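Beneath this line is the structure, given in structure tokens, with notes to follow.
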Amino acid sequence: GTVFGVATSLGYGVLQVNAGLNHLFGVPINETVQVILIVVITGLATISVVSGLDKGIRILSELNLGLALLLLALVLCLGPTVLLLKSFVENTGGYLSELVSKTFNL
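Take 72 as the starting number for the sequence shown in the working numbering and just add one per residue.
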């Protein structure tokens, strides 16, 4: 069961990456590109796992965190900052006000 789950996730992920590369850079959507993506993603995952928690996975986690913070900074600087912050406060308040009643079906 686990192998099929991982294979399915990898397959859907490759389709999404291929579509994103096509949209951004005009990379064709075909089986050759998808096989190359599978090999590259599998190779990177294997290198990360083989190098262990202290090296590979930690480096990937820190890279992911850095990219997420960069994306947040870009969206706040280049996007509609006031609207985003206002919506964040309103939605957080709405979530917290409904949390207890929705949790216990009151």
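Even glycine gets a Cβ: it sits at the ideal position worked out from N, Cα and C.
In this text the structure is predicted, and so the values were computed from the model without any measurement.
Contact set for residue i: own chain, Cβ-Cβ below 8 Å, skip 5 residues either direction
i           : result
residue 99  : 93
residue 177 : 171
residue 155 : 146, 147
Proximity of residue i and residue j at Cβ, strictly below 8 Å
i           : j           : result
residue 136 : residue 112 : no
residue 108 : residue 88  : yes
residue 74  : residue 105 : no
residue 138 : residue 119 : no
Residue i burial status per 10 Å Cβ neighbour count (16 or more: buried)
i           : result
residue 146 : exposed
Residue i at chain C interface by Cβ criterion, 8 Å
i          : result
residue 91 : Any reference to chain C falls outside this structure, which holds one protein chain only.
Closer than 7 Å: residue i CB and nearest the ligand MG heavy atom
i           : result
residue 158 : Among the components modelled here there is no ligand, and therefore nothing to report on the ligand MG.
Own chain, CB closer than 7 Å to residue i, minus 5 neighbours either side, in chain order
i           : result
residue 153 : none
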